[in-house]
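4 protein chains.
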Amino acid sequence: MASRVLVAGASGYTGALAARLVERHPELDLAYVTSRSDVGLRLSDLYPRHRVDRVLEELDLDRHADVDAAIVAYPHGAAAETVAQLRARGVPVVDLSADFRLRDVGVYEEWYVEHPAPELVAEAVYGLPELHRPELEGATLVANPGCYPTATLLALAPLARAGLIADVVVDAKSGVSGAGRRATQTTHFVEADENVTPYGVGRHRHMPEIDQELAALGAAVTTVFTPHLMPLDQGELVSCYVTLRDGGAASDLRALYEDAYAGEPFVELADRPPGVRDVRDTNLARILPVADERTGKAFVFCAIDNLWKGASSQAVQNLNLMLGLPETLGLEA
Amino acid sequence: MASRVLVAGASGYTGALAARLVERHPELDLAYVTSRSDVGLRLSDLYPRHRVDRVLEELDLDRHADVDAAIVAYPHGAAAETVAQLRARGVPVVDLSADFRLRDVGVYEEWYVEHPAPELVAEAVYGLPELHRPELEGATLVANPGCYPTATLLALAPLARAGLIADVVVDAKSGVSGAGRRATQTTHFVEADENVTPYGVGRHRHMPEIDQELAALGAAVTTVFTPHLMPLDQGELVSCYVTLRDGGAASDLRALYEDAYAGEPFVELADRPPGVRDVRDTNLARILPVADERTGKAFVFCAIDNLWKGASSQAVQNLNLMLGLPETLGLEA
Amino acid sequence: MASRVLVAGASGYTGALAARLVERHPELDLAYVTSRSDVGLRLSDLYPRHRVDRVLEELDLDRHADVDAAIVAYPHGAAAETVAQLRARGVPVVDLSADFRLRDVGVYEEWYVEHPAPELVAEAVYGLPELHRPELEGATLVANPGCYPTATLLALAPLARAGLIADVVVDAKSGVSGAGRRATQTTHFVEADENVTPYGVGRHRHMPEIDQELAALGAAVTTVFTPHLMPLDQGELVSCYVTLRDGGAASDLRALYEDAYAGEPFVELADRPPGVRDVRDTNLARILPVADERTGKAFVFCAIDNLWKGASSQAVQNLNLMLGLPETLGLEA
Amino acid sequence: MASRVLVAGASGYTGALAARLVERHPELDLAYVTSRSDVGLRLSDLYPRHRVDRVLEELDLDRHADVDAAIVAYPHGAAAETVAQLRARGVPVVDLSADFRLRDVGVYEEWYVEHPAPELVAEAVYGLPELHRPELEGATLVANPGCYPTATLLALAPLARAGLIADVVVDAKSGVSGAGRRATQTTHFVEADENVTPYGVGRHRHMPEIDQELAALGAAVTTVFTPHLMPLDQGELVSCYVTLRDGGAASDLRALYEDAYAGEPFVELADRPPGVRDVRDTNLARILPVADERTGKAFVFCAIDNLWKGASSQAVQNLNLMLGLPETLGLEA
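Those sequence lines, one after another, are chains Y, H, U and Z.
So in the working numbering, spot 224 of the first sequence is number 841, and the numbers just go up one at a time.
So in the working numbering, spot 187 of the second sequence is number 804, and the numbers just go up one at a time.
So in the working numbering, spot 283 of the third sequence is number 900, and the numbers just go up one at a time.
So in the working numbering, spot 264 of the fourth sequence is number 881, and the numbers just go up one at a time.
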C-alpha cells in the first residue's frame, strides 16, 4: 500500500513541485497539501502546469499528522517548529529549509537566527544521497541540502575525498526560481531579463553548508563561493576551480570521477561542458571534470535543475530511502 | 535659457525614463525629481542604467512649483489631484496617467474611479502629436496617451480618416515593463519567462481611449482589443485586422499611409513586418500596412517601445510642442 | 509484445522528441533512428536532454522496414517519397510533414511543390484525433497536422460544427523551435531575443490546412491567419476572434465547448486566459472561450506546446490509435 | 571639418554598430560601408535598429582609401591583409580582429594562424585607452582588444600594477552577440535560451591576450579564464577571484581602485555588484572590487557591453585618440 505523504508549504515553488512529484509517484499518496498564505486556493489554479487538483489547507497537526511521512517546504527559521511537532508525533520528515543542515548550532545561529529546535539537530541526516546514502536509509529526519551545496558537493566530493583540494573557487549561476515565489524587485522580470549580477558576495548562507560537508570528506577549506543571478527560470551551474595539493595527479581526474560515481543513478559524467538545459526537469547532476594543463588546476562543472535535484526531486529521492522504496522510484527522467 | 522641468513620480519606470530624457535634453533642465515611495534614495541607485544622479524628494508644491513645466508620472486616480495643484499654480503639465485622456467624464468613471478633477478635462489635449499637433502647440495640460492607444491609433488613423474601417480586431503584444515597476506574481520572472498570455480580455482600460480617438477621426467602431504579455522587457506590437467598408480600395493602402505620414519625424513605414527590436529605445513607431488579397481585409502592424513612444519620450515630444521647442529636440535616435 | 517503431529524420527537433517519446513508451520499442544529415552521431550528443543513447543511421529500407510502424519527420516535399516506400512495404506511417495533409492535390501544389506521391493522398487520414478519431483507429497513413492548425482547429471546431462562424481572425504566437533546428538569421538568438515579429503575412502554408478542416466541419470561411515569432523556445498560443452568424448565442459558448470536449483526454477548458507555460512538455491543449459582450464576438484562446501536441506527442497519440493501443499511453503529463 | 571614416566589414554585429557610431559622431563622417558577404544590401535592411541608410559596397581600395581613418571589422586572419593594404596607403586603422593584439608573433601563430602581416605588429598599439592612452594618441594602427580582455584587464589592472596578484581565476559570462552574426547551432535561440554553458574550457583565444597585458603591468601569471554563454543578447560580466601576494592589504582595495580610475571617463566604481544591464548600450565599464574577509582574497567584478566597450564604441574611443579629438566625443551615454 502506498505511503501517505503530507506536503506542508505547497504554495511555494519547491513545495508545489514536491506535491506534483508525490502525487505521480507509484508508491506515494499525496495526503494533504497545506499553505500558510494561500489557504482555500486550488494548487492547480496557482500552478496550472503541475496539474495537482487539490485545495490548499491550513496545517492542522491534529488532522494532518496521520501520515507516513511529510515534506516541509517552509523558509528557514519557520520550518524547525513544524518539523519538531511532526517529529513529536512520530512523522518522518524531509525538511527543505536550512534549519537542520548545519551540525553545529553555533554556526547555524551565526548565519541564520536563533535555532528554534536545537535538540533535533543530532537526529537529522544531511540529505545528499550520493554522500550519505547509508544514514538516509530509514532516517526519520532529513535535512534536504541547498541547491548550491548539492551541485558544489557533487562536483567536489571525489577531489575532497582524495585529499586533493588545496584551494577552491566556486562561481555559481542560477535561474530566478532559486529566489522563490515571492515577488520582489530582484525577481521582477524587467530587472532579471537581459541581466546577470553577482549577489551574496562574500556572505551567502550556503557557504557554511558547503564547508561543513567538504570538511566531513576530509577537505578543510574555506571555499570561495559567489552566486550569480541569470535570466532563466530553472537551472543552476557551478564552475569549480581547484588548486590541487602537491602530488595531485590531474591526469587521473576522469578516472577518479568515474570510480566515485559508478552506479550512481542520478549522476552523469559528460564529455562536453554541461548546460543547464541538459538537466532541466530531472533529478540529474551532469558533471564534467577537466584537468587543465596550462595552469595545473582542476576545473569541475556541474549542472542541476535547482528546483529538482536542488530541492524537490532530491526530497523525493530522500523519501524513497527513508521509506525503504527503490531510490529512483517516481524520478525516472 | 533652458526650461526647468519637474518630474513627479520619478521612481517608476516611465517617470525615471522621463527624468533621464529631460536631463539630457539640450533645452530642458531637470529641476526636481520626486517620489511618493522612495524619498531619499538616489535615482542612480534605483536605475544605474539611467545615470541620473539625483536624490528623490517628497513633492512639496511650495518649493517645487517654480518650474516651467512638469511631467506627472502617477497612477490613474492619484495623478489628477497633483495635476490640478500644479495647474492652479500655472505650471504646464504633461500627465502620463489616464486621468485626462477621456473627454467624457462619465466614460472615465465607468472604467476607472470617480474623477478627482473633472473641471480640468476640457483643458486637456490628447497628447498624440501625429493626430493633435496644432492643439498641442502651447497647450497647458496634455494627457499623454496610453501605450496601446499610441500604437493602435498610429496604425489605424489613416484608415479611420478615410472612412474605411467597418470592423477591426487589434491583437496587441507587450513586454513586461508595461505592467510597471511594482513586483507582482504577473511580473515575476518565473511567471513571464517562456510564457505568453492574454490579459484584460474583453475589458482593458485602453479600449474607451482607442474608440474615442477613432470616433474623432470619423470611425465609429467598437474595437476588439486584446493585449498579451510577452517574455521581453520593452517593446509593443499591435496587429490590426481591418474589415474594410465597401469601396475600400485596398490596393491604395500603401499610398494612403505614405500620404498620411509624409514628414512625420517619428513614424516609419516599413517594407517588411516590423519587430519591436527595430524601435527599442526610440520615439519611433514603425508601421507596415498590408492589403490582403485572400480575404480583402487590411492588416496593419505597428511596433513601438512602450516606455518611449508609448510613454516617456512621447511626453518629451509633447513638452517640446507645449514649450515652443523643435519637436524632435532631445529625441533623435 | 511491444510494437517496433522506426523514427526517420530523428535529428530534427520533432523527430528527436518523437524518438524520446517512443523509447519511453510502455508498448513501443524504438527500433531505429535515422537521419539524412547526422549519420553516425549519437542522438544523446545532439540532444543530451532527451537521453536517447542511440546512433543515427542512414535510412536503408531493406533493413529498416521490418517494423510495425514508422514516424517520418522530414521536410515537406522530401517526406512523400520515403512515406511511399514504407507504405509499399506495408509499414503504417505517421508523417509529420505537410505532404498528405491536404485532400486536394491541386491546393497542395499551389502552396508547396509538385506532389511526389499523389496516389497516396486518398489513403491518408488527417491526424487530429479530436476531430478524426474513428478514421484514425487502424489507419495506415496519418498526416500529422501542423502546429498552428492543431491549435486553431481545436479552438474553433465547436463553433464551426455549430455553424456559428461568419468570419474569423486568428492571431498566432509561437516560440522559435517552430522554425526548426536549422540555424538561420531568423533563429539566431540575437534576432529573436527581446523581439516579436509577424511573419508569413498573408501567405502562410498552414492557411489551406486550416480552411480545409474548417470546411469539413461546415464552416466555409477564408481564415485570416497571421503567426508571430516570440522570444521563447517551446509554446504556441492562438487568439481567435470570431464574428458570429446571426443567431449565434454567445451566452451558451462555455456549454458548447464543454459538450464538445467532454471526455477528451488532452483538451482542458480553462477558467482564465491560458499561458503557453501551462502546457509546456505536454500533449495538452488548453482552451478558453469567451463571449464578448462589448462586441458580440466570440474570442477563443488555445495554448499548446508546438513540439508536443503540435507535432511529436500528437504523432504518438496517432500511433496509439493506429496500433489499437490506449490513446493516452506514454503521454500522461 | 569632420574626418572621413571607412568601416570595412560593416555587416557583422561589431562593424554595423561601428558604422552607426561613426555616422552619428559630431566630428566623423561615415565615408563608406563595405562587406564581404552582403554587397548591395542596405545596412538599414540588415539592421533596422541602427538606422544607417547606406548601401554595402565591395571594398575597393583604389576608391575607398581616400579617407582619414578606417575601422576594419573582419575575422582574425582575414583582417591583417586588408589592414596592411590600408596602412600601405597611409590610412590610420583601428582593427577589431585579434591580428595585431599579440606582441609576439610566435604566440599569435600558436593560438591562431600563420600571421599574414608580421611586419606590422611593431607598429600596433593595444587599444585599451585606460592602459595605453599616451601611445594611442596619434597612433596609426590600433589593435582593438577582445571583449573579455577589456573587462578582465580593467578589473585587474590596479591589482596587477600594485604587484598584488599571486593567482587569479576569471569566470566570464557573455551574451550571445559575442559569438557573432553567423547562424550556428550555438547561436540558435533554442540552444541558448534557458541555458548556460561553459565553452572554450582551458583553451580560449583571449587567454594569451590577457596574460600579455597583465605581464606588461608587472603581473606574470597564467590566468585561469573560462567563459560561459548566457541567454541574453548584449552584455558581459567577468568575476575575478584573486589570491593576493603576501602583504596584500585587502583593506585598501577600494582606495587602490579609486586612485587608479580617478578621472577615467568610462570607468565607474560601483557600490553594489554590477549587472550587465547597468552598462547596456554604453562605453562604460562598471567595476566592484571586494576585499573578502573570509578567505583573504580580492574579488573584482566588471560589467561591460561586449559590443560597445568590448568592441565598437571602444574602437571609436581609440579613433578619437588617434585623430586628436576629445576622447569622449560621440560616446556620451
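Note that beta-carbon positions come from the ideal geometry of N, C-alpha and C, so glycine has one too.
Bridge-paired residues (DSSP) for residue i
i                     : result
residue 945 (chain Z) : Answer is none; residue 945 (chain Z) lacks a bridge partner.
residue 843 (chain U) : U:788
residue 856 (chain H) : H:788 and H:918
residue 621 (chain Y) : Y:646
residue 674 (chain H) : H:651
residue 886 (chain H) : H:904
residue 815 (chain Z) : Z:845
residue 759 (chain H) : H:711 and H:742
residue 688 (chain U) : U:624 and U:711
residue 861 (chain Z) : Z:782
Three-way DSSP call (helix, strand, coil) for residue i in this model
i                     : result
residue 727 (chain Y) : helix
residue 803 (chain H) : coil
residue 906 (chain Y) : strand
residue 695 (chain Z) : coil
residue 779 (chain Z) : coil
residue 898 (chain Z) : coil
residue 660 (chain Y) : helix
residue 850 (chain H) : coil
residue 871 (chain Z) : helix
residue 665 (chain Y) : helix
residue 679 (chain U) : helix
residue 795 (chain H) : helix
residue 771 (chain H) : helix
Inter-residue spacing [alpha-carbon to alpha-carbon] between residue i and residue j
i                     : j                     : result
residue 675 (chain H) : residue 651 (chain H) : 5 Å
residue 732 (chain U) : residue 697 (chain U) : 8 Å
residue 825 (chain H) : residue 769 (chain H) : 12 Å
residue 820 (chain U) : residue 701 (chain U) : 28 Å
residue 869 (chain Z) : residue 781 (chain Z) : 12 Å
residue 640 (chain U) : residue 670 (chain U) : 10 Å
residue 879 (chain Y) : residue 927 (chain H) : 58 Å
residue 918 (chain Z) : residue 854 (chain Z) : 7 Å
residue 618 (chain Z) : residue 677 (chain Z) : 24 Å
Close Cβ partners of residue i (< 8 Å) along its chain, the five nearest in sequence each way excluded
i                     : result
residue 808 (chain H) : 802
residue 845 (chain Y) : 788, 789, 790, 791, 813, 814, 815 and 816
residue 754 (chain H) : 938, 939 and 941
residue 877 (chain U) : 774, 775 and 778
Same chain, Cβ closer than 7 Å to residue i, neighbours up to 5 away in sequence not counted
i                     : result
residue 930 (chain H) : 638, 900 and 948
residue 797 (chain Z) : 629 and 630
residue 682 (chain H) : 703, 706 and 708
residue 648 (chain Z) : 621, 622, 623 and 684
residue 811 (chain Z) : 848
residue 935 (chain Z) : 711, 744, 746, 753, 759 and 761
Nonlocal neighbours in the same chain, by C-beta distance under 6 Å from residue i, ignoring five residues either side
i                     : result
residue 715 (chain Z) : 693
residue 903 (chain H) : 885, 887, 891, 895, 896 and 920
Proximity test, residue i beta-carbon vs the ligand HEM heavy atom, cut-off 7 Å
i                     : result
residue 740 (chain U) : Summarising the ligand content, the structure contains no ligands, and the ligand HEM is consequently not present.
Report task. Using a Cβ-Cβ cut-off of less than 7 Å, list which residues of the stretch 809-838 of chain Y approach chain Z; keep chain order. Result -> 811, 812, 813, 814, 815, 816, 818 and 819
Requested in this report: With 9 Å as the C-beta to C-beta threshold (strictly closer), list the residues of the stretch 679-705 of chain Z near chain Y in chain order.
Outcome: none
Query - Residues in the stretch 878-896 of chain Y having any Cβ partner in chain U nearer than 7 Å - result: 894 and 895
Report task. Taking a Cβ distance cut-off of 7 Å, strictly less, list which residues of the stretch 914-933 of chain U are near chain H, in chain order. Result -> 914, 916 and 918
Query raised in the report: If you measure beta-carbon to beta-carbon, which residues of the stretch 777-795 of chain Z are closer than 7 Å to chain U?
Result: 793 and 794
Report task. Can you give me, in chain order, the residues of the stretch 631-665 of chain Y that have a beta carbon less than 8 Å from any beta carbon in chain H? Result -> none
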